[in-house]
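Take a look at the structure below.
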Amino acid sequence: MVNCEAEELSPFLRQQGIAFHACSAFSRSITAQRSNGDAEGIWYTSTYNNPKMQAGIADFRETIRLQVSASEASLRWIYCHSKLQKGDGVILEASSGLELPQHIKDIAKGPLPTESVKELDLLCKRLRGR
Numbered sequence: 001m002v003n004c005e006a007e008e009l010s011p012f013l014r015q016q017g018i019a020f021h022a023c024s025a026f027s028r029s030i031t032a033q034r035s036n037g038d039a040e041g042i043w044y045t046s047t048y049n050n051p052k053m054q055a056g057i058a059d060f061r062e063t064i065r066l067q068v069s070a071s072e073a074s075l076r077w078i079y080c081h082s083k084l085q086k087g088d089g090v091i092l093e094a095s096s097g098l099e100l101p102q103h104i105k106d107i108a109k110g111p112l113p114t115e116s117v118k119e120l121d122l123l124c125k126r127l128r129g130r
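What follows is the structure in structure tokens.
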């Protein structure tokens, strides 16, 4: 959900009978570094490695600092607090065979604390410029 924009698409997709498949891109944004020059790398760098996004990520880490990892928080938010509905899907990304089982364990922990959700929602609004 790049900059939380997918949340805004949800009502339109529902009206059209379209299921939504989310990707844990915010998790990738947390660790985005520099591009190696290929088209995908350039897109990720320009999308995630900019001052506005990096400031948002720093705020995100501060919000969840004492509770869970940034990756766990983003996955639990997507599964438990986004506008995904039955029939939608989530594409999990893992850089190793050890990450995927951990992602599944993290998701199984369920919803985030209410205060964290409020803070993350405010962060999304700020990243959208609202």
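Here the sequence shown is numbered in my numbering, starting from 1 and rising by one per residue.
We treat Cβ as the ideally placed atom computed from N, Cα and C, and that holds for glycine.
query                                                                                                                                       : result
With a cut-off of 8 Å, do at least 3 Cβ pairs link the stretch 76-96 to the stretch 108-124?                                                : yes
Where does K52 sit, in a helix, a strand or coil, going by DSSP?                                                                            : helix
Out of S96, F12, R61, P11, which has the shortest C-alpha to C-alpha gap to L123?                                                           : R61
Tell me whether the beta-carbon of H81 lies closer than 8 Å to the beta-carbon of L92.                                                      : no
For Q110, count the other beta carbons within 10 Å of its own beta carbon; 16 or more makes it buried, fewer makes it exposed. Which is it? : Strictly speaking, residue 110 in this sequence is Gly, with Gln absent from that position. Under this definition G110 is an exposed residue.
Is A73 buried or exposed, if buried means 16 or more other CB atoms sit within 10 Å of its CB?                                              : buried
Just how far apart, CA to CA, sit S10 and K83?                                                                                              : 7 Å
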